[in-house]
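Number of protein chains: 2
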Amino acid sequence: AGDSKAGEQKAAACMACHGAAGKAAVPLYPNLAGQHADYLAHALQAYKKGERNGGQAEVMKAFVAGLSDDDIADLAAWYSSLQP
Amino acid sequence: AGDSKAGEQKAAACMACHGAAGKAAVPLYPNLAGQHADYLAHALQAYKKGERNGGQAEVMKAFVAGLSDDDIADLAAWYSSLQP
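Sequence order for the protein chains is A and B.
So the first sequence is numbered by the numbering used here: it starts at 600 and just counts up by one.
So the second sequence is numbered by the numbering used here: it starts at 600 and just counts up by one.
Below you can see the structure in the form of structure tokens.
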């Protein structure tokens, strides 16, 4: 499983859209706080593998391109640890 | 905006994976309770338009194929109205 402490650091780039506490200020972006870690990792991998395309997915693909599997696991652990 | 009362009825098919109260018992499936309605509608439309593929997306595509835009708006209203 991921390291949520490390994930907190890595989440700096995500906050602009997903909020400091994982609650997106813009309703088009998903809240991530308290989401299942497995699902979050699955979604990030889907963006990374190009399984999600069009619209917002293109923005996410740019953000996840540089993430390693460990980064993804850490980010998923961090956001799932937050209070929804 | 969608009609969450109508959405509640239409969510019968979704409960098997996403839980009766929008909290998925299986960690690979996302919790939907309290998620932004705009995001939920966006995600359902993405499955319907074939913008999400592979793995779990294939399951979702089968479920959303028959949904109208109103169905999608109602389901999004229903799940976003639930307590996360």
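Note that the Cβ used here is the ideal one computed from N, Cα and C, for glycine as well.
Being a predicted model, the structure only gives us computed values, none of them experimental.
Query raised in the report: Which value, in whole angstroms, describes the spacing of the CA atoms of GLY600(B) and GLN644(A)?
Result: First, the residue type needs correcting, since residue 600(B) is Ala and not Gly in the sequence shown. Cα-Cα distance, rounded: 31 Å.
Query raised in the report: Residue range of the alpha helix (DSSP H) that GLN608(A) falls in?
Result: 603 to 609
Report task. Starting from the Cα of SER679(A), find the closest Cα among GLY654(A), PHE662(A) and ALA620(A) and give me that residue. Result -> ALA620(A)
Query raised in the report: Using 8 Å as the limit for Cβ to Cβ distance, is GLU650(B) near chain A?
Result: yes
Query raised in the report: Mind listing which residues of the region 651 to 680 of chain B have their C-beta closer than 8 Å to chain A's C-betas, in chain order?
Result: ARG651, ASN652, GLY653, GLY654, GLN655 and ALA656
Query raised in the report: Where do the ends of the alpha helix (DSSP H) carrying HIS617(B) lie?
Result: 614 to 617
Requested in this report: Can you give me, in chain order, the residues of the region 611 to 627 of chain A that have a beta carbon less than 7 Å from any beta carbon in chain B?
Outcome: ALA623, PRO626 and LEU627
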